[in-house]
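Chains as they are written, first to last, in this note's numbering: chain A, 1 to 340; chain B, 1001 to 1123.
Inspection log for the structure reproduced underneath, given as structure tokens.
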């Protein structure tokens, strides 16, 4: 299991990733390979709001597993990869949702393989590609691309993705060679082991949602501002779970909407705190909150009534009402390696 | 010099009728990176057990209690600029406030270093 932090603390790890490169063991996450067949596409498209037939080989996509009301069962990265001359969807899903996701996969798919014997590591930060150069491993050319390569004679899956807002890679590696891989990698002197604490503060600064905090089955991708991640044609298609609700939310608006929150005083907002308007009426709630090591103030993500138009809200932080600015996400600009 | 300890993981150093108070090294380790400290007001009269200060770490907010009765006479303003001083040196440079003691008999109810170490083992 990944610890909250290693010996130098959360803030040091966080700042190291922003200026150099960090290594995260995220093997707790779920990984599945699903052959691209007509039947699997048909089954998956009930839950996933993408036109799976049209995904480009070597590309990765942010998406969701949706329930019948369009609520988010899980948020996922789905990639189309060519592995052993077979085009397959490779899906990475949240560890907290493993049981639920896998129950769905097992009930709808005819052939698939859950990668229980693969570790998953994330290499994140501006020197990520130097780390892979050091290992003499090929890597995808830009953000949201993927390739599979051989390392110690085993197939490893590399996608140029991550959860920090920095350039970086997520790499699926068979357990048989994971020790060799890590031992080789940590000889690269700039790399530093990072834990769950900095993973959380980095993703929060990057405005990225955390399942269980910012996303759940009561929240749709429209409310979470992920309309861009839904394929428009799939919304016309009754085979997608909750398509009518999603359509009406797009056309008529949503009741609550995800926002960024920034505290200007020396107080820290935390998840589950309530949000109030300036007349003390409850208008929302905080789903993620913490300290931003880059901005040196507290930031968060929350949901507020969509008809609220003012850019200030309030919350009770340790018995006193504090003003909070409503801001756009992300808090720190993304530094992904964009394609040409 | 005689340092005493509380169950709330604070240390108290008494010189004459002045007590200097901070959190223990054990406390700073379990709090993790400390980012803000809300200091008490100078001149405020406090009772033992009153919440008088708050430490915000990356993990959580923690109340600081007054270990004894007294009046706040000095606060460590360096912590406003850089609260991580507590992480670096909790039991010296990272002191939080000084109290003028009103009832010195209360000192005797606090733990010695040996008692505090036993308390940590059983916690």
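Note that the Cβ used here is the ideal one computed from N, Cα and C, for glycine as well.
Remember, predicted model here, so these are calculated numbers, not experimental data.
query: So does the stretch 1070 to 1084 of chain B actually touch the stretch 1034 to 1051 of chain B, counting three or more Cβ pairs closer than 8 Å?
result: Look at the beta carbons and you see the stretch 1070 to 1084 of chain B touching the stretch 1034 to 1051 of chain B: at least three pairs across the two are nearer than 8 Å.
- request: Let me know the secondary structure DSSP gives residue 1085 of chain B once reduced to three states.
  value: Note: residue 1085 of chain B maps to helix in three-state DSSP.
task: For my contact list, residue 191 of chain A and residue 21 of chain A are in at a C-beta cut-off of 8 Å; report their separation, rounded to the angstrom.
output: Right, the Cβ-Cβ distance comes to about 5 Å (below 8 Å), so this counts as a contact.
- prompt: What are the partner residues of residue 24 of chain A, as DSSP defines its beta bridges?
  reply: Within the DSSP bridge table, the entry for residue 24 of chain A names A/122, A/194 as partners.
- prompt: So does the stretch 256 to 271 of chain A actually touch the stretch 294 to 310 of chain A, counting three or more Cβ pairs closer than 8 Å?
  reply: Enough Cβ pairs lie closer than 8 Å, so yes.
Proximal chain A residues relative to residue 1041 of chain B, where beta-carbon distance stays under 7 Å: Residues of chain A passing the Cβ test: none, with the nearest at roughly 14 Å.
- prompt: Which full runs of the beta strand (DSSP E) of 3+ residues lie inside the stretch 14 to 60 of chain A, going along the chain?
  reply: For secondary structure counted as the beta strand (DSSP E) over 3 or more consecutive residues, the stretch 14 to 60 of chain A holds these complete runs in sequence order: 21 to 25, 30 to 35.
- request: Report all residues from its chain with a CB closer than 7 Å to the CB of residue 168 of chain A; omit the five preceding and five following residues, and keep chain order.
  value: Taking C-beta separations shorter than 7 Å and ignoring five residues to either side along the sequence, the partners of residue 168 of chain A in its chain run 122, 123, 124, 125, 128, 162, following chain order.
- prompt: Which word fits residue 238 of chain A, buried or exposed, when buried means at least 16 other C-beta atoms lie within 10 angstroms of its C-beta?
  reply: With a 10 Å radius around the Cβ and a threshold of 16 neighbouring Cβ atoms, residue 238 of chain A comes out exposed.
- request: Compare the C-beta of residue 1102 of chain B against all C-beta atoms of chain A and say whether one is closer than 9 Å.
  value: The beta-carbon of residue 1102 of chain B is placed no less than 9 Å from the nearest beta-carbon of chain A.
query: Relative to the alpha-carbon of residue 164 of chain A, which residue among A/194, A/189, A/203, A/153 has its alpha-carbon at the smallest distance?
result: The shortest C-alpha separation from residue 164 of chain A is found at A/203.
- request: At 9 Å on the CB atoms, spell out the chain A contacts of residue 1035 of chain B, in chain order.
  value: Those within 9 Å of residue 1035 of chain B in chain A are 11, 266, 268, 291, 293, 296, 298.
- prompt: Any idea if residue 1123 of chain B is buried or exposed, counting beta-carbon neighbours within 10 angstroms, 16 or more meaning buried?
  reply: So residue 1123 of chain B ends up on the exposed side.
query: Do residue 140 of chain A and residue 154 of chain A come within 9 Å of each other at the CB atom, strictly closer than that value?
result: No, these two residues do not count as a Cβ contact at 9 Å.
- prompt: Rounded to a whole number of angstroms, what is the C-alpha to C-alpha distance between residue 86 of chain A and residue 19 of chain A?
  reply: The straight-line gap from Cα to Cα measures roughly 38 Å.
message: For a contact defined as C-beta to C-beta under 8 Å, what are the partners of residue 201 of chain A on chain B?
response: What residue 201 of chain A touches in chain B: 1058.
Backbone secondary structure at residue 79 of chain A - three-state DSSP: Residue 79 of chain A falls in the strand class under three-state DSSP.
message: Can you list, in chain order, the residues of its chain with a C-beta nearer than 6 Å to that of residue 193 of chain A? Leave out the 5 residues immediately preceding and following it.
response: Taken in chain order, the residues that qualify are 6, 23.
- prompt: In whole angstroms, what separates the C-alpha of residue 318 of chain A from that of residue 29 of chain A?
  reply: Going from the Cα of residue 318 of chain A to the Cα of residue 29 of chain A covers about 34 Å.
field: Supposed close pair residue 323 of chain A, residue 314 of chain A - CB separation, criterion 8 Å
entry: Between residue 323 of chain A and residue 314 of chain A the beta-carbon gap is near 6 Å, inside 8 Å, which marks them as a contact.
field: Of the listed residues A/46, A/280, A/90, A/279, nearest to residue 114 of chain A (C-alpha basis)
entry: Taking residue 114 of chain A as reference, the option from A/46, A/280, A/90, A/279 with the minimal CA-CA separation is A/90.
query: Closest Cβ-Cβ distance between residue 1049 of chain B and chain D: below 9 Å?
result: The structure shown contains no chain D; its protein chains are A and B.
field: Identity of the residue in A/290, A/307, A/205, A/17 nearest residue 1061 of chain B by Cα
entry: It is A/290.
Cut-off 6 Å between Cβ atoms - residues of its own chain near residue 274 of chain A, not counting five sequence neighbours on either side: Only 282, 285 meet the Cβ criterion.
- request: Please list the residues of the stretch 1058 to 1074 of chain B that have a C-beta atom closer than 9 Å to any C-beta atom in chain A, keeping them in chain order.
  value: Cβ contacts with chain A: 1058, 1059, 1060, 1061, 1063.
query: Would a check of beta-carbon distances place residue 1032 of chain B closer than 9 Å to chain A?
result: Yes, its Cβ sits closer than 9 Å to a Cβ of chain A.
- prompt: Is residue 1060 of chain B helix, strand or coil by DSSP?
  reply: Under the three-state reduction of DSSP output, residue 1060 of chain B falls in the coil class, being neither helix nor strand.
- prompt: Considering only residues of the stretch 156 to 237 of chain A, which uninterrupted beta strand (DSSP E) runs meet the minimum length of 3 residues and lie entirely inside it, listed in chain order?
  reply: Runs of the beta strand (DSSP E) inside the stretch 156 to 237 of chain A: 168 to 174, 191 to 194.
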